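Those letters in the sequence shown? Residues 14 to 230, per the working numbering, in order.
Cβ coordinates follow ideal geometry from the N, Cα and C atoms, glycine included.
Owing to the predicted nature of the structure, the values given are computational and were not obtained by experimental measurement.
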Amino acid sequence: FIQNEIFSPLEQGKIYKLSFYYTLAWGKESDFCPANQFGVYASNSEFKDSNAFWLSQIIPNGFSVGNQFIDDTLNWNKCEIIFTASGGEKFLTIGNFQDSTNTTFNQPCDTSLWNGISYAGTYYYIDDFSLNEYFNFEIPNVFTPNKDNANDMFFPSIINIPDWELIILNRWGNKVKVLNALNTEWDGIEASDGVYFYIFKSEERQIVKQGFISIIR
Numbered sequence: 014f015i016q017n018e019i020f021s022p023l024e025q026g027k028i029y030k031l032s033f034y035y036t037l038a039w040g041k042e043s044d045f046c047p048a049n050q051f052g053v054y055a056s057n058s059e060f061k062d063s064n065a066f067w068l069s070q071i072i073p074n075g076f077s078v079g080n081q082f083i084d085d086t087l088n089w090n091k092c093e094i095i096f097t098a099s100g101g102e103k104f105l106t107i108g109n110f111q112d113s114t115n116t117t118f119n120q121p122c123d124t125s126l127w128n129g130i131s132y133a134g135t136y137y138y139i140d141d142f143s144l145n146e147y148f149n150f151e152i153p154n155v156f157t158p159n160k161d162n163a164n165d166m167f168f169p170s171i172i173n174i175p176d177w178e179l180i181i182l183n184r185w186g187n188k189v190k191v192l193n194a195l196n197t198e199w200d201g202i203e204a205s206d207g208v209y210f211y212i213f214k215s216e217e218r219q220i221v222k223q224g225f226i227s228i229i230r
């Protein structure tokens with residue numbers, strides 16, 4: 014495990030993205046037990062217990078995405094973990110929070126003996142940490158409002174952008190629909206088939222994006 018103290022406490026309910034780079038520390042893949050996942054646990058106080066094995070009983074705030082074994086010894090790879098803060102956390106602990114029996118390892122691998130019990134483990138170099146408030150958006154470019162219950166509605170996927178606005182215009186530049194956090198969907202029933210122009214913006218996140226939406230029946 015590795016533990017970092019952050020500059021200011023996390024804010025309740027906010028979504029954060031932890032990013033860092035890692036590489037496997039040892040040189041021969043048969044000498045260690047690379048796992049397939051990192052986890053992060055955010056806490057108000059630091060861990061000082063020298064016995065790290067009990068950390069497998071903690072439920073982390075988030076896990077790394079993907080199911081590939083973390084076994085690259087040549088390159089630095091990027092890891093991203095997205096989680097929601099409870100509020101007031103000042104420390105981040107990163108590692109494998111599952112015990113050896115529940116962890117997926119790249120077999121075969123070497124194990125170590127502790128208190129008469131065999132444990133699997135390995136070491137990683139970790140560098141270049143960053144922690145930022147996370148937001149994301151995805152805007153579909155086509156939908157088919159023909160009442161067949163398949164892709165009938167247009168709705169953008171918005172994460173952690175409270176003041177977003179999506180303005181949809183026809184080919185003559187007239188507003189057809191305006192979506193926001195209070196009005197998130199468009200059924201397109203009154204609109205004719207064709208290509209529409211949109212402007213997506215958020216002052217808080219300093220976002221302005223333009224693109225096209227096609228209606229096909």
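- Per DSSP, the beta-bridge partners of Phe96 are Tyr29.
- Apart from sequence neighbours up to five positions away, the residues of its chain that approach Ile71 with a beta-carbon distance below 8 Å are Tyr54 and Phe110, ordered along the chain.
- The straight-line gap separating the alpha-carbon atoms of Ser227 and Asn187 is approximately 16 Å.
- Of all alpha-carbon atoms in Leu31, Tyr209 and Ala98, the one lying nearest the alpha-carbon of Val155 is that of Tyr209.
- With a cutoff of 9 Å on beta-carbon distance, Ser32 and Phe104 are scored as not near each other.
- DSSP places Gln223 in the uninterrupted beta strand (DSSP E) bounded by Ile220 to Ile228.
- Taking all protein chains in view, the Cβ of Asn173 is crowded by 16 or more other Cβ atoms within 10 Å, so the residue is classified as buried.
- Note that the C-beta distance between Ile181 and Ile139 is not below 9 Å.
- The three-state reading of DSSP puts Gln70 in helix, counting H, G and I together.
- In this structure, the alpha-carbon of Val221 lies about 30 Å from that of Pro22.
- Annotation for Ala194: Pro175 and Trp177 place their beta carbon closer than 7 Å to its own, counting only its chain and skipping 5 residues before and after.
- In the DSSP annotation of this structure, the continuous segment of the beta strand (DSSP E) that includes Ser143 starts and ends at Tyr137 to Glu146.
- Taken in chain order, the unbroken stretches of beta strand (DSSP E) that lie wholly in the region 164-202 and span 3 residues or more are 170-172, 178-182 and 188-193.
- Distance check between Ile28 and each of Gly224, Asn88 and Glu146 places Glu146 closest, using alpha-carbon atoms only.
- Distances from the CA of Asn149 to each of Pro158, Gly224 and Pro169 were compared; the closest alpha carbon is that of Pro169.
- Contact between Lys91 and Tyr34 is confirmed by a C-beta separation of about 6 Å, below the 8 Å threshold.
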